[in-house]
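**Q**
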Amino acid sequence: MFEAKISQGSVLKKLVEALKELVTEGNIDVSPSGMSLQAMDSSHVCLVSLVLRDDGFDHFRCDRNMPMGIHFANFSKILKCAGNDDAITLKAEDNADQLTLMFESSNQDRISDFDLKLMSIESEHLGIPDQDYSAEIKMPASEYQRIVRDLTSIGDTVLISATKEGIKFSTSGDVGTANVTLRHNTTSEKQEEHTIIDLKEPVALTFALRYLKNFSNATALAPQVKLSLTKDLPIVVEYQVGELGNIRFYLAPKIDD
Amino acid sequence: SPLQAHLYDYFLAS
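Which chain is which? The protein sequence lines are C and Y, in order.
The first sequence lines up with residues 1469 to 1725 when you count with our numbering.
The second sequence lines up with residues -5 to 8 when you count with our numbering.
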């Protein structure tokens, strides 16, 4: 059987909100080492990769590896019934066709349970090699959200260029053009306000803004976001989810015709 | 305008 309890249930709510617009359904794979998900959007342009480690949960037990086929809009409907301060326990028997979610209020005076129907989903797994990136940029998640929101109102695609001057986001559209440059900045006493640019070599890539904006649905999960860029490779947009794990979004670039 | 690449252009399905 599988059983996992997380006292900070709001994290689970935020995770599902972060990915439900991008992917309709997918297999959450449970194993003794934790929970993971890899799912592509319907156009196979971007991919969500979620890793939640067993030791990040208050309690975690999994006797047998199994995929749990989840329809994320339905998962979201049920998680919306959990209070923000509730502890959430997930339970499934081996080869079950449903996932039980139990919500406990923080003073344990309200307990509710819901069953989510599981689906059988044929999913393919993409092999994503570990690699060094030409540029890795850490910035406040709220700053990333602001940039992609602002630029989406101007254009459809963004050129992201990382140089020793900083990281520049450029777009253009019917109304005109926009450029936002962030410089390396660690002056704040608060680490979450830092912008850290780790540049091995300059790189410039073009991406569809609507996906980058969609990734910012994960903003509530982490104070910082990391962008990783290498020439001719998908960008990686990563949010650390506390001690629990991380959610990564991969987006294939736009390429010259 | 530039073309949108697919993930399959970069990552192998297994």
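All C-beta atoms in this analysis are idealised placements derived from N, C-alpha and C, irrespective of residue type, glycine included.
With respect to the alpha helix (DSSP H) encompassing C/V1479, which residues constitute its N-terminal and C-terminal limits?
**A** G1477 to L1487 is the span of the alpha helix (DSSP H), which, as asked, contains C/V1479.
**Q** Against chain Y, does C/K1559 count as a neighbour if the rule is that its beta carbon must be under 8 Å from one of theirs?
**A** Not an interface residue.
**Q** Can you find at least 3 beta carbon pairs, one from the segment 1614 to 1621 of chain C and one from the segment 1575 to 1591 of chain C, that sit closer than 8 Å?
**A** The answer is no - the segment 1575 to 1591 of chain C does not touch the segment 1614 to 1621 of chain C, with fewer than three Cβ pairs under 8 Å.
**Q** Which chain Y residues sit within Cβ distance under 8 Å of C/I1589?
**A** In chain order: nothing, as chain Y lies at least about 15 Å away.
**Q** Just checking my contact of C/R1521 with C/G1502 at CB under 8 Å: how many whole Å lie between their CB atoms?
**A** Confirmed, Cβ separation roughly 4 Å.
**Q** Buried or exposed: where does C/N1647 fall if 16 or more other Cβ atoms within 10 Å of its Cβ makes it buried?
**A** The residue is exposed, with fewer than 16 neighbouring Cβ atoms inside 10 Å.
**Q** So with Cβ pairs under 8 Å, would you call C/A1744 a contact of chain Y?
**A** Only positions 1469 to 1725 of chain C appear in the structure, and residue 1744 of chain C is not among them; the question remains open.
**Q** For C/T1674, return the contacting residues in chain Y, with the cut-off set at a CB-CB distance below 8 Å.
**A** The contacting residues are P(-4).
**Q** Using a Cβ-Cβ cutoff of less than 7 Å, which residues in the same chain neighbour C/T1687 once the five nearest sequence positions on both sides are dropped?
**A** Contacts found: A1609, S1610 and Q1613.
**Q** Taking all protein chains shown into account, do 16 or more other C-beta atoms lie within 10 angstroms of the C-beta of C/E1592, making it buried, or fewer, making it exposed?
**A** Under this definition C/E1592 is an exposed residue.
**Q** Could you tell me the alpha carbon to alpha carbon distance between C/G1537 and C/I1496, rounded to whole angstroms?
**A** C-alpha separation (whole angstroms): 6 Å.
**Q** In the DSSP assignment, what are the bridge partners of C/N1685?
**A** DSSP output for C/N1685 lists no bridge partner at all.
**Q** Is C/V1519 near the ligand GDP, going by C-beta to nearest heavy atom under 7 Å?
**A** In the structure on display, the ligand GDP does not appear, and there are no ligands present to speak of.
**Q** Which of the three DSSP states is assigned to C/D1554 in this structure?
**A** Looking at C/D1554 - three-state DSSP - the assignment turns out to be coil, as it is neither helix nor strand.
**Q** Out of C/A1555, C/E1572 and C/T1649, point me to the one whose CA is closest to C/S1475's CA.
**A** The candidate whose alpha carbon is nearest that of C/S1475 is C/A1555.
**Q** Compile a chain-ordered list of the residues in the segment 1625 to 1639 of chain C whose CB is closer than 8 Å to at least one CB of chain Y.
**A** Answer in chain order: T1625.
**Q** Give the DSSP bridge partners of C/M1469, in chain order.
**A** Paired residues: none, contrary to the question.
**Q** Name, please, each residue of chain Y whose Cβ falls closer than 9 Å to the Cβ of C/K1722.
**A** What C/K1722 touches in chain Y: S(-5), P(-4), L(-3), Q(-2) and A(-1).
**Q** Under three-state DSSP, which class holds C/V1705?
**A** Here C/V1705 sits in strand by DSSP.
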